[in-house]
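Below is one structure; the comments refer to it alone.
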Amino acid sequence: MKFKHVLQVMTISVLTIFCPKLKSQATPKIDLSKPFTEKFTGEIKDSIPSLGSFIIAQNDKIIYEQYFHGASKETVFSVKSVTKSITSVLAGIAKDKNLLPDLNTPVLKILPEYNVSRSRFKNISNLEGKMLHDSIKNTVTLRNLMMMQGGFDWVENSKVSMAMGFSSDPVRFVLELPFEEYPGAVFNYNSGETYVFGAALSRIVNTSLKQFADENLFQPLNIHITKWDTDPQDRNLAGSELFMKSSEMLKFGSLILNNGKVGNKQIVSQKWLQESTSEQVKLDSWDVMPDANGYGYYWWRRKTNGHQAYVATGYGGQLICVIPDLKMVIVTTCFLNDKNKGRADIKRLHYFIDKITQAH
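Structure follows, in structure tokens:
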């Protein structure tokens, strides 16, 4: 009896020491009471007339799911630049298969058809300047492209980006742009660089990005993609124009939250996800990313009420926000109609995400 009493005392002492620690490590619960959700739903619907969906999952369970302005579970949205983060994961899968070369590999080593030196021409104007351009172009690496540090003279959503979209070969268009900075020096958001990276990745895996994604990413996640636009060279656009349902975006976000695993199957390595979502580029300010704290390989980083989040962001309000320490994924979609306010809607959505993370 005496031994039993001593054992009970020891057990209570151990629990007293360790229970507070265990409690602090538990996933914080989000208070989505009926009054909160009713007020939240009404406010977000009125604030964002283009809103299509807002979904919150915690611990792999949906705790809030609302569709707006005629959208439903079956509505397919153009996820715009969310496509970039999916391309990042495809690159990781290629690396896991030992297909992706070192990221410091110059992209023209993979796409040599775009490496036509002008040194053989003798009578063209500004030959010296154009030869310098060619030599700089030869230094642009896969890593530069994934970090938006290609150095090209580029303004997103401008006449330059529109001209690229209308060109017969967007990859050639980007690679022939003049340089504003040396590659690797300055962050400048550039969808064109992603198209170049996507063309290289397609060459590396020896198939289209869609086929590679179907076999290695979408099918394992039970995602059925019917539309992913291509350029005039029939290459899937690595930076945009992938079409998904909100529930499919949630499945992708859950893959990231669960360190690249679906059930017991590892789809992409945890090591790649840690590298690609880490701060590859210092970035503490961005107009549509409140509390930004870096950019990875086609992943944005921000803090929401002190919680680190990794965000796939698409024009007009397409978001997949992964918040590991809350075990949470938040998905938003918006219609790209005349009510959409573009970048302003993205910023507004982050305000509502902050309201959710504040509610724990």
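Every number in this note's numbering is 17 more than the matching position in the sequence shown, counting from 1.
Where a beta carbon is used, it is the ideal one built from N, C-alpha and C, also for glycine.
Since the structure is predicted, the reported quantities are computational estimates derived from the model, not experimental observations.
For PHE260, the uninterrupted beta strand (DSSP E) segment begins and ends at 260-262.
Under the three-state reduction of DSSP, SER208 is assigned to helix. Here the C-alpha atom of ILE221 lies approximately 38 angstroms from the C-alpha atom of SER89.
DSSP places LYS46 outside both helix and strand once states are collapsed to three, so it counts as coil. Burial state of GLY333 is buried, judged by a 10 Å Cβ sphere holding 16 or more other Cβ atoms.
Taking a C-beta distance under 8 angstroms as the contact criterion, ILE273 and VAL172 do not qualify as a contact pair.
For ARG189, the enclosing alpha helix (DSSP H) has its first and last residue at 187-192.
The residues PRO200, in chain order, have a CB closer than 6 angstroms to that of THR156 in the same chain once the five nearest residues on each side in sequence are set aside. Taking 8 angstroms as the cut-off, the Cβ atoms of PHE352 and SER67 count as close.
Around the beta-carbon of PHE183, fewer than 16 other beta-carbon atoms lie within 10 Å, marking it exposed.
By the Cβ test, the segment 103-117 is in contact with the segment 224-238, since at least three Cβ pairs between them sit closer than 8 angstroms. Judged by DSSP in its simplified three-state form, ASN161 adopts helix.
The alpha-carbon separation between GLN291 and ILE141 amounts to approximately 48 angstroms. For GLY331, the uninterrupted beta strand (DSSP E) run begins and ends at 324-331, by DSSP. One alpha carbon belongs to GLY280, the other to SER208, and they sit about 33 angstroms apart.
Taking PHE369 as the centre and dropping the five residues before and after it, the same chain places the C-beta of ILE61 closer than 7 angstroms to its C-beta, in chain order. In this structure, the beta-carbon distance from SER293 to TRP317 does not fall below 8 angstroms. Within the DSSP bridge table, the entry for LEU336 names THR330, THR349 as partners.
Contact check for ILE65 against ARG365 passes: the beta carbons are separated by less than 8 angstroms.
If the five residues before and after SER219 are omitted, its C-beta is found closer than 7 angstroms to the C-beta atoms of SER225, LEU226, ARG252, all from its own chain and listed in chain order. If you check the CB distance, GLY215 and GLY256 come in under 8 angstroms.
For ARG360, the enclosing alpha helix (DSSP H) starts and ends at 360-374. Straight across, the Cα-Cα distance linking THR92 with SER70 is about 9 angstroms. DSSP places PHE229 in the uninterrupted alpha helix (DSSP H) bounded by 226-230. Closest option to ALA326, judged by alpha-carbon separation, among SER98, SER178, VAL346: VAL346. The continuous stretches of beta strand (DSSP E) do not include VAL298, and DSSP gives it neither H nor E. GLU210 counts as buried, since at least 16 other C-beta atoms from the protein chains shown sit within 10 angstroms of its C-beta.
In this structure, the straight-line span from the alpha carbon of ALA217 to that of THR104 is close to 12 angstroms. Using a 10 angstroms sphere on the CB of ASN275, the tally of other CB atoms reaches 16 or more, which defines it as buried. Scanning SER295, GLN297, LEU162, HIS324 for the CA closest to the CA of PRO307 turns up HIS324. GLU258 is a Cβ neighbour of THR100, given a cutoff of 8 angstroms. Under the three-state reduction of DSSP, VAL93 is assigned to strand. Taking all protein chains shown into account, THR44 has fewer than 16 neighbouring C-beta atoms within 10 Å of its C-beta and is therefore exposed. A direct Cα-Cα distance of roughly 44 angstroms separates PRO118 from LYS356.
Residue pairing by DSSP places ASN253 opposite THR247 in a beta bridge.
Per DSSP, the unbroken beta strand (DSSP E) holding ALA74 starts and ends at 68-75.
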